[in-house]
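4 protein chains.
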Amino acid sequence: MSDHEPIQDVAHLGHVEILTPNPDASLAFFVDVLGMTEIARKGQSAYLRAWGDYDRCTLKLTESPQAGLGHVGWRAVSPPALERRATALKAYGHGQGWIEGDIGHGAAYQFVDPDGHPMEIYYESEKYQAPDGKRSKCINQQQCYDPRGAAVRRIDHVNLMCSNVTTNRMFLQETLGFKLREYLVPEDDGFEVGAWLSVTPLVHDIAYTHDLSGHKGRFHHVAYWLDSREDILRAADIFTEHGVFIEAGPAKHNVTQAFYLYLYEPGGNRVEIYSGGYLIFAPDWEPIRWDKVARGRGVYWGGTLPESFRTYGTPAVATRKPDEALVFDPS
Amino acid sequence: MSDHEPIQDVAHLGHVEILTPNPDASLAFFVDVLGMTEIARKGQSAYLRAWGDYDRCTLKLTESPQAGLGHVGWRAVSPPALERRATALKAYGHGQGWIEGDIGHGAAYQFVDPDGHPMEIYYESEKYQAPDGKRSKCINQQQCYDPRGAAVRRIDHVNLMCSNVTTNRMFLQETLGFKLREYLVPEDDGFEVGAWLSVTPLVHDIAYTHDLSGHKGRFHHVAYWLDSREDILRAADIFTEHGVFIEAGPAKHNVTQAFYLYLYEPGGNRVEIYSGGYLIFAPDWEPIRWDKVARGRGVYWGGTLPESFRTYGTPAVATRKPDEALVFDPS
Amino acid sequence: MSDHEPIQDVAHLGHVEILTPNPDASLAFFVDVLGMTEIARKGQSAYLRAWGDYDRCTLKLTESPQAGLGHVGWRAVSPPALERRATALKAYGHGQGWIEGDIGHGAAYQFVDPDGHPMEIYYESEKYQAPDGKRSKCINQQQCYDPRGAAVRRIDHVNLMCSNVTTNRMFLQETLGFKLREYLVPEDDGFEVGAWLSVTPLVHDIAYTHDLSGHKGRFHHVAYWLDSREDILRAADIFTEHGVFIEAGPAKHNVTQAFYLYLYEPGGNRVEIYSGGYLIFAPDWEPIRWDKVARGRGVYWGGTLPESFRTYGTPAVATRKPDEALVFDPS
Amino acid sequence: MSDHEPIQDVAHLGHVEILTPNPDASLAFFVDVLGMTEIARKGQSAYLRAWGDYDRCTLKLTESPQAGLGHVGWRAVSPPALERRATALKAYGHGQGWIEGDIGHGAAYQFVDPDGHPMEIYYESEKYQAPDGKRSKCINQQQCYDPRGAAVRRIDHVNLMCSNVTTNRMFLQETLGFKLREYLVPEDDGFEVGAWLSVTPLVHDIAYTHDLSGHKGRFHHVAYWLDSREDILRAADIFTEHGVFIEAGPAKHNVTQAFYLYLYEPGGNRVEIYSGGYLIFAPDWEPIRWDKVARGRGVYWGGTLPESFRTYGTPAVATRKPDEALVFDPS
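Protein chains in written order, with the working numbering: chain A, 723 to 1053; chain B, 723 to 1053; chain C, 723 to 1053; chain D, 723 to 1053.
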C-alpha cells in the first residue's frame, strides 16, 4: 500500500472476544461493575456492548478452560474493501477462510497474525437499536447513558503480547493498511518492544507488546473508553469497593498521552479503562520513536507500571519467576 | 464519489483566517485570554497556534475594516489527492487558481463555496518545531502544555452562515468528499437550516447554518478544542473576569452532543470553545435528521441558545431588529 | 449572642422533611434518579439518606395533599447546648415544645420561624451503620459509594421563601447563633430579598428568599452536595433522559460561587444539586452585600435564573400570572 | 476542655513559614509553578498568598542555611480567645511570649509544641484587598482567579514530623482545643504513627507523622487546596514539564479520603496539592482508628506511598540509609 495514496479499507476495531474460565463472575463484572449491557447469549458465549457503541456488540465473552484472546474483529469500510483485504490476507498466506458471521455481524474472513492471534474482518454490522427504556432522548446517541458501575462508553483498542513486535505490526501495516503511530525501542540494540497502530485518528486501535515469556499469541488487554478523567477516578472508587484488582493507575501514559487504569477481570484477563490521549489527523504523521531517554520512567506521571505489566498476560504462563501477577488468583 | 468506495482526499481542517477591525485587542484576546501563541506576523496578519496543534499555525488573524471570515484552509492527504481535488473544483466551476502558499503551508488551490466563502486546499504543511522552553518532555506532544488563559488545545471546526445550507453542503460532499453527519430540518416544509459535515471521525469539521439576514458569505464561528468540560468551566471564570461577552453556554448541545461555550472576540467574531461530543467510525453512518420534535429546545440541557445565535454573524448586518447581539460593541 | 465570644450551639443542618402529593413518584425519584437510599418507612413517611451522610437519615418524605416543607431539623452540639437553645426559643416566643424524637434522632424541641416554617432542634442522632454490602472499604466513609443515578453525597442546605427576609434571618441569628454570610439588596430602597446564613464554614446552611406572592411559610428548595462539577454535568444527562424538569443550570452562582442545577421532583418541590462554592473560616467575616450593580445578571456565568426561580415555591399558589413554573404539572 | 461544651478558641490555620536554602528558586516555584502571588518582601522573607486566601498572606518563605519549618500560625476567633489560649499555653509551660506581629497579622503569642516546632497564635489579621487588575467581578471572592501555573486556591493544612505523635497531638487537643479526627496505629503494639486533627470541619488542619530518624521538629509538608481533581491532574502536567520532582500521586488517600499529589519545592521542602476529602460536622465525631488491616496498602487507590514519604522531611538528615529522597538535590 502506497504512502501517498492510502486506501483505507479497514474502518475500525469492531469487537474483541475474550476467554474466561470463570464465566459467571466475568459476566457479572462486565455488567455490574464495568456497566456494560448483555444483548445476547449463544452457546458458551455472552455478547456485550457499552452504552455508546454504535455496533450491537463489541465484546464477546466465552467460557474456556483458560483465559486469553478469542479473536479480534475488524470492520471493513465497504464490501469491495472486504474482498480486497481477504485477497491480500490470502496472498500473504495468513488467511483461514470465510465464516457466515456471528451475532452482530455478517460474513467474516478469518486470519491469524504472525504470532497466531485469531482475527477476522467483515463488513456487514448490525447497528444497535435500543429497546424502549434504553432509547436516548438525544437521537444521535445509540442508547441513553446508563449510570451503572463505571459506565464505560465505547470500545477503544486492543493490546496483544507477541514474540516479535516488528513482524506482527508489519503484517498489519502491509495487509490491512494500519499506520504505525508510536513505537518503543528502549535499548541500543534497536529491539522493538512495543508498537501502537491505527487505521483511525485514534492513536491506537491496536498495540503489540513484546512477550518476555517466549510464548506466542497471548492477550494483554482490551480497553474501553470513558469521556473524562473524572469518570476514571470515579471508576477507581467503584473498583476498590468491589475488590477488583487494580494493577496500575489511575495515571498518565507518555506513550499515547492517555489517562489509564488497568485491572484484572475475574477470568484473569487485563482490562483498561482509558480517556484522553490525542487524535492524529496528519496524513504524514511520522511514527514517534521512544528510546530509553524519552521513555524515562515509562509514564508521564502517576507511579510506574509494575513488572507484571510487562510479564503478565493471558493465558497466564509459568515460565517467569513468581511475582505479584503470578500469585493473582481470580477465583 | 461513490458511497461504497470512498476516496478520502481531504485530511482535515488546517486553518481558519478571520478578519478583525480591532486587531490589537483581538490578538491580545487570542494570546492572553484564549491562551494561544503567536508564531509569526506578516503584513496585516498575525499567525497563531494552540499548544496541541501539530501544524505550525491554525489561526490567521488579519486586520480589516470589518469582521468576518478570511478563508478556510483544508489539508489534502497527499500531493495526488491535492491535484485531484483541484481538478474537481475547477470542473465544478468554483476554482480560482493556485497561490504559492503562506506562512505554515505550501501551494494552495483557492476556491469558493456556493455562498462565496473563500477556501483553499493544500498539501505541504509545516509541522511545528517547538523552540527551547516550549518543548514538551513528552515527545509525542508538539509543545508543552501552556497554562495561560483558557489554554485551548487544538483547532476543532468552523461554522459558516449561508443562504442555502443544502446547496453549500452538497458542494463540499461532491467536490471534497465530505460526509453529512447531522442536519436540522425543523419545519414540515423540509427546509434545511443546519448541516454538520466531516472528513474525519469528528462529528463535524465544518457546519453550515442558514443566514436569516439574506446576506451571503458570513461567518458564524471557529471552534477550539479543550480536553475536558472542567477546562471549559475554568475558561468561563477567566472570560467572566476579563469581561468577555459569553453569548451561550457552558451547556450541552444535542446536535453533536458537545459541551460548548460561545463568546465574541474583541473584533466581533464568534468563537466557540468545545469539548466532548462523539466520534464516528461507522463507514455507513446514516446522517441524523433533526426535526422539530427531536430538536426540542435546541440543546440537550443548560439553557436555550439565544436569538442572536441564529441571527448574529460577521460581518454584522443591519437587516435585523435590534437585539442583544446587535448592540454588542467590541470597541 | 456576642460577636467576639461566639457560642456555637447549633452544629449543622440535620434533616429536612418535604411534603409530596405524589409519594410513589417522589420516592422513586429520590432513590432511582437522585441515588439516595431509603432506610425506613413509618406512617405516611419514607426516610432517606445520601451515601455520604453520617446521620442515618437526612430527608423525610411525607405524603400530603400538597407539596411544601414539613420541617427543618437542626442538630445541637451538645445536650446543654440543646437546653440553652430551647430556653432561648421559648423566651423569644417561638417555641412549641418537645417531642420524643423520630427515626434517626432523639428528643427535639419544636419551634417556628417568624414566617411559620416548622423547625426543630435536637442533640441525639443515630449514626448510620452500613449493613453488609453497603459498608465501605474506607473506614472513615459511612457507606460505600453507590453509583446509582446522580449519586448525591450529602445534604448541603435548605432554602425557604418568606414574607420578610430580614425578620426571619434575624430570628435565626438571635436565637440560634446563625451568622449572616451574604445578602441581597438589589434596589435603592434597601429592601432585602435574599439572605444566606450558616453555623458551619459552609457559605450557607440555610437561605431565605423573599416570597413575592404574599404567602408565608413556603419552601424554595433543599440542596444535596456532589463532589465535583463533573458529577453535576453527569447528573444533567441522567435527569434529561428521565424527563426530569431542569429549571436552571448547570451554571455558576455569583452569590455563594457554587455550581448548581435546579430541578422539580415529581411532587413539585424544587431540589438543587450543588458543588463548589467556598468555605468561610474567618471569625470576623463581614457579610457580603449584593446590590444591583454587584448582582449583575444574577449569575456568575451560564444563563440567567428564570422568573419562576423568584416566584415558584411549594405549595404552589395561584396569585401570580401564568408562567412556565405555574404550568408545571408534576403528575 | 470539656467534650460536651466545646469552646472553639482557634479559628483556623493562618499561615506557615518555611525555610529554604534556595530562596530564588523556591520563590520562582511558588509564584510561577504553583501560581501564588508575592504580596510583600521583608528581610530575608517573601510573603505569598493563593488567589482564594482571604488573609493577605498564608505562606512566608524565608532564606535559611537549611530547609524546614519556620513556624505555624493559628488564628484565634476573638481577642478574649487569644488571651485565653496564651494563658493556657503559658500554664502548660510551652509559652514563649508575645511578638508585635508580622506582615499580615497583629500581636502573636509564640509557643512550641512538645517536639519543638515553633508556633504562634494571633487574632488581628489583615484581609486581602485586591489591587486594580486583581479584583474579582464576584464580590465574595478576594481576588480574581489567576490562571498561572497550578493556580492553587487556598492554604489547607500543615503536616509535621515528630518523635512522639501522641504527645504532640494531645498538646494541641489540651491547649488549643483541637479535635482528633483520624489516627494510625498500624501495629499490635498500639504505637501511634500518625494523627490528623482540626478545629474546623476540615478533616485536618494539622497532622503529625512519626519521625523514624529520631530527630525532632522536622517538617513534613504544607498543603494547598485546589477545587477539583481535574485541577490536580492539570497541575501534574505543569509540574512534569517544569521538571518538578513528584514524590507521590496523583492518587487517593484512604485516611482523609483526599486526592493528593506530593512534590519537593526547590528548597527541598515537601508540598502537597490537595482536593476532595470530606467535612466533619458531627459534634460527636469518634476518631477513626486505622489499624494494619484497615490501612491496607496505605492508599485508597493509585499506587503506594514510597518509603521516602515516611522518612524524608526537612531539614534532611543523614541517619537513614541512602534512598531516592536522600539523593534528591534541589540545586
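Glycine included, each C-beta is placed from N, C-alpha and C at the ideal position.
Beta-carbon spacing of residue i, residue j below 9 Å
| i | j | result |
| --- | --- | --- |
| A/GLY817 | A/TYR845 | no |
| B/ASN976 | B/ILE928 | no |
| C/GLN895 | C/TYR776 | no |
| D/HIS793 | D/MET758 | no |
| B/GLY899 | B/VAL925 | no |
| D/ALA945 | D/GLY1025 | no |
| C/THR780 | C/ILE877 | yes |
| C/SER950 | D/ARG951 | yes |
| A/PRO995 | A/LEU919 | The sequence shown places Ile at residue 995 of chain A, rather than the Pro named in the question. Cβ distance not < 9 Å, so A/ILE995 and A/LEU919 don't count as in contact. |
| D/HIS1056 | D/TRP773 | In this structure chain D extends from 723 to 1053, so residue 1056 of chain D is not present and cannot be described. |
Nearest to residue i (by Cα), restricted to the options the options
| i | options | result |
| --- | --- | --- |
| B/PHE941 | B/PRO853, B/SER748, B/ILE740 | B/ILE740 |
| A/GLY687 | A/PRO923, A/PRO908, A/THR922 | Coverage of chain A is limited to positions 723 through 1053, which leaves residue 687 of chain A absent and any answer about it impossible. |
| B/GLU805 | B/LEU781, B/THR922, B/THR897, B/TRP1023 | B/THR897 |
| D/ASN744 | D/THR780, D/SER786, D/HIS734 | D/SER786 |
| A/VAL738 | A/TYR769, A/THR889, A/TYR984 | A/TYR769 |
| D/PRO836 | D/MET892, D/PRO801, D/VAL1039, D/HIS964 | D/MET892 |
| A/ASP1006 | A/ALA808, A/THR780, A/ARG903 | A/ARG903 |
| C/GLU822 | C/GLY838, C/ILE843, C/ARG807, C/ALA810 | C/ILE843 |
| D/LEU985 | D/VAL753, D/HIS734, D/PHE1003, D/PHE961 | D/PHE961 |
| B/LYS764 | B/ILE825, B/THR809, B/LEU749 | B/ILE825 |
| A/GLU914 | A/ALA808, A/THR889, A/LEU791, A/ILE968 | A/THR889 |
Local conformation of residue i per DSSP, three classes
| i | result |
| --- | --- |
| A/THR780 | coil |
| B/SER767 | strand |
| D/ASP754 | helix |
| A/TYR850 | coil |
| A/HIS734 | strand |
| B/PHE1050 | In this predicted model, B/PHE1050 has a pLDDT of only 34, less than 50, meaning its place in the structure is not dependable; the value taken from the coordinates is given anyway. Three-state DSSP puts B/PHE1050 in coil, outside helix and strand. |
| C/PRO1044 | Residue placement at C/PRO1044 is poorly supported in this model, since its pLDDT is 40, which falls under 50; the coordinates still yield a value, given next. Correct three-state label for C/PRO1044: coil. |
Boundaries of the beta strand (DSSP E) in which residue i is found, first to last residue
| i | result |
| --- | --- |
| A/MET883 | 876 to 884 |
| B/MET841 | 840 to 844 |
| A/ILE995 | 992 to 998 |
| B/LEU906 | 901 to 906 |
| A/PRO836 | A/PRO836 -> no beta strand (DSSP E), and no H or E assigned at all. |
Straight-line Cα distance separating residue j from residue i
| i | j | result |
| --- | --- | --- |
| B/SER767 | C/SER997 | 43 Å |
| B/ARG771 | B/LEU756 | 11 Å |
| C/SER885 | C/PHE1031 | 16 Å |
| C/CYS866 | C/ALA957 | 19 Å |
| A/HIS726 | D/GLY989 | The predicted position of A/HIS726 is uncertain, since its pLDDT is 41 and thus under 50; a value taken from the coordinates is nonetheless stated next. Straight-line Cα distance between these residues: approximately 53 Å. |
| D/LYS856 | B/ALA873 | 20 Å |
| D/ALA747 | A/ALA803 | 60 Å |
| B/GLU848 | A/PHE833 | 40 Å |
| A/ASP731 | A/ALA798 | 6 Å |
| D/GLY1018 | C/ALA852 | 20 Å |
| A/ASP674 | A/GLU1029 | Outside the shown range of chain A (723 to 1053) lies residue 674 of chain A, about which nothing can therefore be said. |
| A/ARG1042 | D/HIS943 | With a pLDDT of 44 at A/ARG1042, under the threshold of 50, the modelled position of this residue cannot be trusted, and the question is left open. |
| D/TYR1022 | D/TYR930 | 20 Å |
| A/TYR982 | D/LEU955 | 12 Å |
| A/LYS859 | B/PRO923 | 23 Å |
Where the alpha helix (DSSP H) containing residue i begins and where it ends
| i | result |
| --- | --- |
| C/LYS938 | That residue, C/LYS938, is in no alpha helix (DSSP H); it is neither H nor E in DSSP. |
| A/ILE960 | 951 to 963 |
Under 8 Å from the C-beta of residue i: neighbouring residues of chain E
| i | result |
| --- | --- |
| C/ILE960 | Considering every chain present, this structure includes no chain E. Its protein chains are A, B, C and D. |
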